[in-house]
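Asks: In the numbering used here, the protein residues as written are 1 to 416. Cβ atoms here follow ideal geometry from the backbone N, Cα and C, with glycine treated the same way. Supplied in structure tokens, the structure appears directly below.
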Ligand SMILES: Cc1cc2nc3c(=O)[nH]c(=O)nc-3n(C[C@H](O)[C@H](O)[C@H](O)COP(=O)(O)OP(=O)(O)OC[C@H]3O[C@@H](n4cnc5c(N)ncnc54)[C@H](O)[C@@H]3O)c2cc1C
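Okay, here's the thing in structure tokens:
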């Protein structure tokens with residue numbers, strides 16, 4: 001079968017990989033000159049099932065209120081009359097209730113656990129390298145209150161099958177000696193030993209190269225204008241270089257998915273949520289972590305990517321604006337530098353901003369559409385790197401008419 005995948009981020013490329021393996025003729029279309037150059041480019045690097053609890057959870061509303069108006073707060077909302085923003089925020093709040101939040105965490109966790117085996121298989125089958133550190137993810141808490149809240153969420157994830165260890169401050173520093181100088185500032189941590197970290201761009205680029213070598217056709221530097229349809233079938237993709245046709249289509253356009261779906265009458269509540277990262281050369285290897293860290297208080301993640309540290313965080317609701325606000329970019333870097341003060345050359349930091357394709361429930365949108373030959377694989381928000389292989393496998397199954405081996409309930413667009 002001829003299948004076109006729209007979008008060559010980490011989600012589109014993993015989808016193309018599985019379609020290729022299943023013996024299909026695949027075309028991957030992207031407006032950028034290479035794969036992985038938008039949100040998949042410089043994210044936090046964590047492949048972390050332990051982040052399954054969605055941002056929309058019971059503690060979010062109060063936390064959000066406490067951050068409003070602070071220039072360097074982890075969250076900023078640029079007030080606008082955009083109805084999409086207000087609809088999104090309203091739905092987000094509805095998902096903060098304990099019941100929906102727990103149910104959403106369960107769906108995401110199952111997907112993340114399914115992902116683990118698939119990522120291992122891709123690595124062994126393709127040899128793709130991405131500076132992987134298979135040392136787990138350590139979540140740090142600064143106060144007893146933060147720790148108590150985290151333990152409650154952790155209990156839910158543990159009951160669903162995630163291995164998580166509670167650690168006191170001394171155990172955190174024993175596990176990651178680079179934290180030793182900050183031990184006095186820690187209340188404790190939660191350690192997820194089977195999580196890992198690595199460079200999502202290196203993975204996306206390497207896997208795309210593997211796919212290209214094996215015959216996947218890349219239509220790069222080619223912006224998609226619209227999807228053409230006749231009745232309930234997609235008949236082609238109108239690009240700036242003409243129409244591309246296929247038997248089936250998988251849409252993996254990240255934050256831009258709603259823009260191209262709306263003219264088809266498909267409305268999915270994905271809102272672009274800007275985040276920042278700084279990539280900083282390590283100057284003192286002993287003072288830099290190897291275990292990937294989540295600093296819950298400052299809402300940042302820190303991952304070792306070879307001889308660099310990636311520090312990422314912050315959430316900004318400002319439509320499709322991708323400008324880099326130096327204050328917010330520096331806030332994430334400063335928080336990382338405070339934790340590992342002697343590890344890196346701050347003056348050489350490279351800053352980046354990307355738009356997370358966030359859904360109000362924190363669950364991606366993977367599934368069929370009213371168009372019989374169009375499948376969605378989008379809305380991965382804060383966890384696209386964590387969920388890419390599982391999502392790609394499921395989308396490839398659906399596109400080719402095979403029943404996925406993973407239970408897909410709760411993933412489809414019908415939930416909206
Ligand atoms: C600061 C930050 C930190 C993060 N940290 C983590 C983390 O630690 N772990 C984790 O799991 N996730 C993390 N994420 C989330 C993760 O990066 C995203 O979920 C993931 O990259 C989304 O992948 P995607 O392929 O859906 O989107 P993208 O990578 O954006 O891919 C979509 C593609 O569609 C193309 N496209 C869009 N419109 C058009 C058009 N009209 N025509 C042609 N092509 C088009 C774009 O060029 C792009 O290449 C983070 C995100 C941010 C911003």
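Please tell me whether residue 43 and residue 275 are closer than 9 Å, where the distance is taken between their beta carbons.
Replies: Yes, Cβ-Cβ distance for residue 43 and residue 275 is below 9 Å.
Asks: Using DSSP with H/G/I as helix, E/B as strand and the rest coil, what is residue 257?
Replies: DSSP places residue 257 in helix when its eight states are reduced to three.
Asks: So does residue 359 have its beta carbon nearer than 8 Å to some heavy atom of ligand 1?
Replies: No, Cβ of residue 359 sits at least 8 Å from all heavy atoms of ligand 1.
Asks: Starting from the Cα of residue 209, find the closest Cα among 20, 121, 339 and give me that residue.
Replies: Nearest of 20, 121, 339 to residue 209, Cα basis: 20.
Asks: Just to check, is the beta-carbon of residue 38 closer than 8 Å to a non-hydrogen atom of ligand 1?
Replies: Because some heavy atom of ligand 1 lies under 8 Å away, the Cβ of residue 38 counts as near it: yes.
Asks: To the nearest whole angstrom, what separates the beta carbons of residue 254 and residue 47, a pair I think is in contact under 8 Å?
Replies: In fact, because the Cβ distance is near 18 Å, the residues do not count as touching under 8 Å.
Asks: So, does the stretch 365-383 touch the stretch 289-309, judging by three or more C-beta pairs under 8 Å?
Replies: These segments do not touch.
Asks: Just how far apart, CA to CA, sit residue 215 and residue 109?
Replies: Looking at the two C-alpha atoms, the distance is approximately 33 Å.
Asks: If we define contact as Cβ-Cβ less than 9 Å, is residue 6 a contact residue for chain C?
Replies: In summary, chain C is missing from the structure at hand, where a single protein chain is found.
Asks: For residue 14, which residues in the same chain have their Cβ closer than 6 Å to its Cβ, ignoring the five residues on either side in sequence?
Replies: Closer than 6 Å at the Cβ level, and outside the excluded window around residue 14, lie 388, 389, 392.
Asks: Taking the alpha-carbon positions, what's the residue 447 to residue 286 distance?
Replies: Residue coverage of the chain in this structure runs from 1 to 416, which leaves residue 447 outside it and unanswerable.
Asks: In whole angstroms, what is the alpha-carbon distance linking residue 23 and residue 200?
Replies: Near 25 Å, if we compare the C-alpha coordinates of residue 200 and residue 23.
Asks: Hey, which unbroken runs of the beta strand (DSSP E) at 3 residues or more fall wholly within the stretch 174-228?
Replies: Qualifying beta strand (DSSP E) stretches, in chain order: 188-192, 217-219.
Asks: From residue 115 to residue 249, what does the alpha carbon distance come to, in whole angstroms?
Replies: If you take the alpha carbons of residue 115 and residue 249, they lie about 23 Å apart.
Asks: Where does residue 1 sit, in a helix, a strand or coil, going by DSSP?
Replies: In the structure shown, residue 1 sits in coil (DSSP, three-state: anything other than H, G, I, E or B).
Asks: Report buried or exposed for residue 78, applying the criterion of at least 16 other Cβ atoms within 10 angstroms of its Cβ.
Replies: Looking at its Cβ environment, which holds fewer than 16 other Cβ atoms inside 10 Å, residue 78 is exposed.
Asks: In three-state DSSP terms, what is residue 338?
Replies: Helix, per DSSP.
Asks: Of all the beta strand (DSSP E) runs that stay within the bounds of the stretch 71-130, which reach a length of 3 or more residues?
Replies: Those beta strand (DSSP E) runs which fall completely within the stretch 71-130 and span 3+ residues are 75-77.
Asks: For the alpha helix (DSSP H) that residue 363 lies in, which residues bound it at each end?
Replies: It is not in any alpha helix (DSSP H) - residue 363 carries neither H nor E in the DSSP assignment.
Asks: Measuring only the C-alpha atoms, how far is residue 163 from residue 299?
Replies: Computed Cα separation, rounded: 22 Å.
Asks: Should residue 52 be listed as close to ligand 1, given that the test is whether its C-beta is under 8 Å from any heavy atom?
Replies: The answer is no for residue 52.
Asks: Which whole-angstrom value describes the C-beta separation of residue 329 and residue 74, a residue pair presumed to lie in contact below a C-beta threshold of 8 Å?
Replies: Actually they do not touch by this definition, with Cβ atoms about 13 Å apart.
Asks: Which word fits residue 7, buried or exposed, when buried means at least 16 other C-beta atoms lie within 10 angstroms of its C-beta?
Replies: The residue in question, residue 7, is buried, as its Cβ has 16 or more Cβ neighbours within 10 Å.
Asks: Alpha carbon to alpha carbon, how far is residue 361 from residue 38?
Replies: Cα to Cα, the separation comes out at about 23 Å.
Asks: What do you reckon, is the C-beta of residue 253 under 8 Å from a heavy atom of ligand 1?
Replies: Yes, since a heavy atom of ligand 1 falls inside the 8 Å radius drawn around the Cβ of residue 253.
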